[in-house]
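Note that our numbering has the sequence shown beginning at 10, numbered continuously upward. A virtual CB, placed ideally from N, CA and C, is assigned to each residue, including glycine. Notes for the one structure printed next.
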Amino acid sequence: MTTRTVLLTGFEPFESEPVNPSWEAVRALDGERVGDAVIVARQLPCVFGRAIEAMAALVESLRPDVVIAVGQAGGRTELSVERVAINVDDARIADNAGAQPIDMAIADDGPTAYFSTLPIKAIVRDLRAAGVPAMVSQTAGTFVCNHVFYGLMHVLAQRGAAGVRGGFIHIPYLPEQAANHPGAPSLALDTLIAGLRVAVATTLSTGTDIREQGGQLH
Numbered sequence: 010m011t012t013r014t015v016l017l018t019g020f021e022p023f024e025s026e027p028v029n030p031s032w033e034a035v036r037a038l039d040g041e042r043v044g045d046a047v048i049v050a051r052q053l054p055c056v057f058g059r060a061i062e063a064m065a066a067l068v069e070s071l072r073p074d075v076v077i078a079v080g081q082a083g084g085r086t087e088l089s090v091e092r093v094a095i096n097v098d099d100a101r102i103a104d105n106a107g108a109q110p111i112d113m114a115i116a117d118d119g120p121t122a123y124f125s126t127l128p129i130k131a132i133v134r135d136l137r138a139a140g141v142p143a144m145v146s147q148t149a150g151t152f153v154c155n156h157v158f159y160g161l162m163h164v165l166a167q168r169g170a171a172g173v174r175g176g177f178i179h180i181p182y183l184p185e186q187a188a189n190h191p192g193a194p195s196l197a198l199d200t201l202i203a204g205l206r207v208a209v210a211t212t213l214s215t216g217t218d219i220r221e222q223g224g225q226l227h
């Protein structure tokens, strides 16, 4: 039986944070098997340009069947399964290399946006059923997370990798981070790990996404 590969990526810490929950969560799943698939976890730099280059190199070398990029979203209360990546960098803060692009296209030859090819609503359904707070998110922001999400989908489109499913999930702070941000919500690392495991399993087992309400008023 052919073994499928699921690539999970997380980011290095940024903005003076001691850890990044995305990397802490994905690296805990490195080497784990889910059905006929094996998870490979890799860290990306929180740097415009270099992060996409690293992602492209991973797609080329690993030839994954599924790619789920994961990033930190301090202030969010749930696992946010992203619907769309937009072709713009507009950084509120500088990245880890000191760059702060404003109103710049990620890919001059790319479309305005790409939609996730993960079964986003089935993932949210299964996360909630497993007791993990989750939502469909309509924006991945305009920092390095959206940059990587868009870059991933652009790489897959350019290489004609139609069978490779890709997308992005934002996760909240860890409790130890939230302690330094009064009032900020958080989720335990075990909950984040369990949630990503569900997201992988649902993606592998779901061909066509479910159709149910997942929008927000604002």
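Cross-strand partners of residue i (DSSP beta bridge)
i, result
"A50", "L17"
"H179", "G80, S89"
"D45", "Partner(s): none; D45 has no beta bridge."
"M144", "S89"
"Y123", "A94"
"M113", "D98"
"V75", "V15, R174"
Cβ-Cβ separation, residue j to residue i (assumed contact under 8 Å), whole Å
i, j, result
"I115", "D99", "In fact, because the Cβ distance is near 11 Å, the residues do not count as touching under 8 Å."
"T212", "L127", "5 Å"
"L88", "V141", "6 Å"
"V133", "A149", "Actually they do not touch by this definition, with Cβ atoms about 15 Å apart."
"V173", "V76", "7 Å"
"Q222", "Q147", "Wrong, their Cβ atoms sit about 13 Å apart, outside the cutoff."
Rounded separation between residue i and residue j - CA only
i, j, result
"A187", "S195", "6 Å"
"P27", "V35", "17 Å"
"G119", "N96", "7 Å"
"N29", "S70", "25 Å"
"T151", "F177", "13 Å"
"R168", "H190", "41 Å"
"P73", "E185", "33 Å"
"E91", "L53", "18 Å"
"V145", "R137", "12 Å"
"G83", "P181", "5 Å"
"G107", "Q81", "19 Å"
"V56", "A103", "9 Å"
"R220", "F124", "15 Å"
"A63", "G40", "20 Å"
"A65", "G175", "12 Å"
"S214", "A122", "26 Å"
"S31", "L183", "10 Å"
Test item: CB-CB of residue i and residue j under 8 Å
i, j, result
"A229", "M162", "Lying before the first or after the last residue shown, residue 229 is absent from the chain, which here runs from 10 to 227."
"N105", "E21", "yes"
"V79", "L17", "yes"
"A139", "V207", "yes"
"R85", "H156", "no"
"V47", "T14", "yes"
"D45", "I129", "no"
"A37", "I202", "yes"
Check your understanding: What are the start and end residues of each continuous beta strand (DSSP E) run of 3 or more residues lying completely inside the segment 156-218, in chain order?
Key -> 174-180
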